[in-house]
Amino acid sequence: MTSLRPGRSGPPDGPSIRRQSPRYGERAVMALLLAAGALSVVVTVGIVVALLFPALDFFREIPVWEFLSGTRWAPTFADPSFGVWPLITGTIWTTVIGLLVAVPIGLAAAIYLAEYADPRVRKVLKPALEVLAGIPSVVYGYFALVFVAPELLNDLLHVEVGTYSVLAAGLVLGIMIIPTIASLSEDSLTAVPQSLRQGSLALGANRMRTTLRVVFPAAISGIAASVVLGLSRAVGETMIVALAAGTQAQVVSSPTTPGQTMTGYIAQTATGESTPGTLTYNTLFAVGLLLFAITLVINIISIRLVRRFREAY
Amino acid sequence: MASIGAVATAPLRARKAGENSPASIGFLVTLWVAVAVAMICLLTLLVTAFVDGYPRLDGALFTRYSSRVIPETAGARAAILGSMWVIGTTALLAIPLGIAAGVYLEEFADEQRWYNRLIEVNLQNLAAVPAIVYGMLTAGFALAIGLERRVVLAGAIALSLLILPVIIITTREALRAVPAEIRQGSLALGATPLQTVWRQTLPSALPGVATGTILALSRALGEAAPLLLLGGLVFVSYDPNGLMSGFTTLPIQIFSWTGQPQEEFQELASAAIIVLLGLLLLMNALAIIIRNRYQRHW
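Residue numbers (my numbering), protein chains in the order written: chain A, 22 to 334; chain B, 250 to 547.
Written out as structure tokens, the structure is:
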């Protein structure tokens, strides 16, 4: 076709582009690449199926309503009870305490790094935050159990907590998600164009006002998304709460008491002997499905937040 | 003293709006305190682990197996070898798949197609799914195909699924940083799109891909939650010797030792933490070296 068009250079009777060899190999490779891309969807479907089937077996014996509204969680007792509320209160306490630590510190660190820090200071602080982000959660769990509960809370701050408490677990959970919130928020603060800052300073505002009234609001979508991502990590974190929050599933009413979270229950029961097909084994998947549903909702909110409030500069 | 008003307002303004007003200084001090708290936490954590674990950082830690009863002479041999087996297998599974998916999404996927948008949103979601859920998926999958849950292969599958979204996302970022001119030049010289990716784009993006991949693997090395769902795995007293061999890993061993009541086990746990942090440091250093030496800026 194109090779026959007048004025085109090149031999008119040479091999046309159309008649080049049909490259089946390339087609196959493209199909493989598409398959690799599609694998992520397969994984999601797999998660839903893997959680749903044992959970359905569970809900055939225990009505969904009883599971969601019951206030006593004792699946392995002689008189078993399957109310998930105690696990939810455990998760809420550790998550809220974690966010109370991580949001102020993370945002302050982000503001400092993006708006105030000297480039040389930044060069030291950013890798330090990355180190904090790279420490495995089981190490944080050890830290909560061996240092935060006995030494920091009991000896130094004179807060009476036992070996296990949602307070110690929540505090360390907060430390763990500081880097998540700090680095994502810093990214969105740095993305705010310099002209906005200059405009504000030219109108006589000082750096604090410029930061709080101009830069911060301009970056709010990214900051909100970072907090929501931190929330999702706090809800799903397992090792810290499994080690430091305790294994008593009770409705938690005070931060100094032990409590079990949804992930803590899954970790505890999974490490014990649980045979596939039994009711105890299926409770894992019922709780897992609830956990997955909660984090899914949080993630969707986060993706929406970024999209809705994204300011194009 | 003619115009009292002017004299009074000038310092007032400076106090309210200047860089050195109390509010400004207070704000900056608050920021400093927050950063200091974060750094103190990091230091305390590292110092605690080192002080507790240093006395137990001996030969026995590397050569002996774990023990239920005698913590004084127990070691993490099985866990260290198990971690290497599982991470090695994870790398073999996750790296090719992750890079292939990243290349597809960044270079070939037509964003207008509904299935490509679905993959996109789905990927963002998967990156934030709790790690423990991947363990449940793997346990269910192993049960469905009749694979023993407690073997290296099952552990590697769980960790691969966990880090796959991370590898895909970093691959895409590295590919995006390659300037369009390189692709256009290659295509103009008659290379097919696939040859362009294989011979030009991917090699140019390789340092970025390698850095992101090593960081993803170091995340897998430290992760214990998904492996807990594969059952037992705690007191393994033999070397893993294949994909179908039972195993334990360092994070799981640390978890199990930390949960024991005796103080000797806690010491052992902190010694194992030092080993784990040392391995992670090595991997991170490797990533930084690759980033600094080979990354090109266009």
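Just so you know, even glycine gets a beta-carbon here, dropped at the ideal spot from N, CA and C.
Could you tell me whether any Cβ in chain B is nearer than 8 Å to the Cβ of leucine 326 of chain A? Position 305 of the first sequence, counted from the first residue, corresponds to residue 326 of chain A. For leucine 326 of chain A, the answer is no, since every Cβ of chain B falls outside 8 Å of its Cβ.
What does tryptophan 447 of chain B pair with, by DSSP beta-bridge criteria? As a working mapping, residue 447 of chain B is identified with position 198 in the second sequence. Answer is none; tryptophan 447 of chain B lacks a bridge partner.
Quick one: any contact between the region 492 to 505 of chain B and the region 278 to 293 of chain B, if contact means 3 or more CB pairs under 8 Å? no
Assigned exposure category for glutamine 433 of chain B - 16 Cβ within 10 Å defines buried: Residue numbering aside, residue 433 of chain B sits at position 184 when the second sequence is read from its first letter. Counting Cβ neighbours within 10 Å, glutamine 433 of chain B comes out exposed, since fewer than 16 surround it.
Between which two residues does the alpha helix (DSSP H) harbouring glutamate 82 of chain A extend? Residue numbering aside, residue 82 of chain A sits at position 61 when the first sequence is read from its first letter. Per DSSP, glutamate 82 of chain A belongs to the alpha helix (DSSP H) from 45 to 82.
Give me, in chain order, the residues of the same chain whose beta-carbon lies closer than 6 Å to that of methionine 532 of chain B; leave out the 5 immediate sequence neighbours on both sides. Along the second sequence, one-based indexing puts residue 532 of chain B at 283. Once the five neighbours on either side are set aside, the close Cβ partners of methionine 532 of chain B are Ile463, Ser467.
Beta-carbon gap between isoleucine 132 of chain A and alanine 287 of chain B smaller than 8 Å: Looking up residue 132 of chain A in the first sequence gives position 111. Looking up residue 287 of chain B in the second sequence gives position 38. No; because the gap between Cβ atoms is not below 8 Å, this pair is not in contact.
So the candidates are A:Thr231, A:Leu210, A:Ser61; which of them puts its Cα closest to the Cα of glutamine 373 of chain B? Residue 373 of chain B sits at position 124 when you count from the first residue of the second sequence. Checked all of A:Thr231, A:Leu210, A:Ser61; the closest Cα to glutamine 373 of chain B is A:Ser61.
So, for arginine 305 of chain B: in the same chain, excluding its five sequence neighbours on each side, which residues have a beta-carbon less than 8 Å away from its beta-carbon? Position 56 of the second sequence, counted from the first residue, corresponds to residue 305 of chain B. Cβ neighbours of arginine 305 of chain B beyond the five flanking positions: Glu516, Leu517, Ser519, Ala520.
With a threshold of 8 Å between beta-carbons, can asparagine 227 of chain A be considered close to chain B, or not? Here residue 227 of chain A refers to the residue found at position 206 of the first sequence. Chain B contact via Cβ: present.
Is glutamine 219 of chain A near the ligand ADP, judged by its Cβ being under 7 Å from some heavy atom? The model depicted lacks the ligand ADP and carries no ligand whatsoever.
In the structure shown, what three-state DSSP assignment does glycine 324 of chain B receive? For the purposes of this step, residue 324 of chain B is identified with residue 75 of the second sequence, where counting begins at 1. If DSSP states are grouped into helix, strand and coil, glycine 324 of chain B belongs with coil.
Cβ atoms of threonine 115 of chain A and valine 335 of chain A: under 8 Å apart, would you say? Residue 335 of chain A lies beyond the residue range present for chain A, which begins at 22 and ends at 334; the question has no answer from this structure.
Cβ neighbour criterion (16 or more within 10 Å) applied to tryptophan 94 of chain A: On the first sequence, residue 94 of chain A is found 73 positions in, with the first residue counted as 1. So tryptophan 94 of chain A ends up on the buried side.
Chain-ordered chain A contacts of glutamate 268 of chain B [CB-CB under 8 Å]: Looking up residue 268 of chain B in the second sequence gives position 19. By Cβ distance, chain A contributes Asn227, Arg228.
Spatial neighbours of threonine 97 of chain A in its chain, beta-carbon cut-off 7 Å, leaving aside the 5 residues before and after: Numbered from 1 along the first sequence, position 76 holds the residue referred to as residue 97 of chain A. Contacts found: Thr301.
Rounded separation between valine 485 of chain B and leucine 134 of chain A - CA only: The count along the second sequence starts at 1 and reaches residue 485 of chain B at position 236. The count along the first sequence starts at 1 and reaches residue 134 of chain A at position 113. Straight-line Cα distance between these residues: approximately 46 Å.
Identify every residue that forms a DSSP beta bridge with tryptophan 94 of chain A. Along the first sequence, one-based indexing puts residue 94 of chain A at 73. In the DSSP output, where bridge partners are listed per residue, tryptophan 94 of chain A has A:Phe103.
Whole angstroms are fine: how far does the CA of arginine 44 of chain A sit from the CA of isoleucine 289 of chain B? In the second sequence, the residue the question calls residue 289 of chain B occupies position 40. In the first sequence, the residue the question calls residue 44 of chain A occupies position 23. Between isoleucine 289 of chain B and arginine 44 of chain A, the C-alpha separation is close to 60 Å.
Start-to-end residues for the alpha helix (DSSP H) that takes in proline 475 of chain B: Indexing the second sequence from 1 puts residue 475 of chain B at position 226. It spans 474 to 477 - the alpha helix (DSSP H) in which proline 475 of chain B sits, taken as one unbroken run.
Please list the terminal residues of the continuous alpha helix (DSSP H) segment that includes glutamine 271 of chain A. Start at 1 with the first residue of the first sequence, and residue 271 of chain A comes out as number 250. Run containing glutamine 271 of chain A: none; DSSP gives neither H nor E here.
By Cβ distance below 7 Å, which residues in the same chain neighbour arginine 254 of chain A in space, the five residues on each side in sequence not counted? The count along the first sequence starts at 1 and reaches residue 254 of chain A at position 233. Same-chain partners within the cutoff: Ile198, Thr201.
Closer than 8 Å between beta carbons: that is the criterion. Which residues of the region 60 to 85 of chain A meet it against chain B? Leu60, Ser61, Val62, Val64, Thr65, Gly67, Ile68, Val70, Ala71, Leu72, Phe74, Pro75
For a cutoff of 8 Å on Cβ pairs, would you count proline 414 of chain B as touching chain A? One-based indexing of the second sequence puts residue 414 of chain B at position 165. Chain A contact via Cβ: present.
Classify glutamate 136 of chain A: buried if its beta carbon has 16 or more other beta carbons within 10 angstroms, exposed otherwise. Residue mapping note: residue 136 of chain A aligns to position 115 of the first sequence, counting from 1. It counts as buried.
Alpha carbons only, please: which of B:Asp301, B:Ala325, B:Ser316, B:Phe299 is nearest the one belonging to glycine 308 of chain B? For the purposes of this step, residue 308 of chain B is taken as the residue at position 59 of the second sequence. It is B:Ala325.
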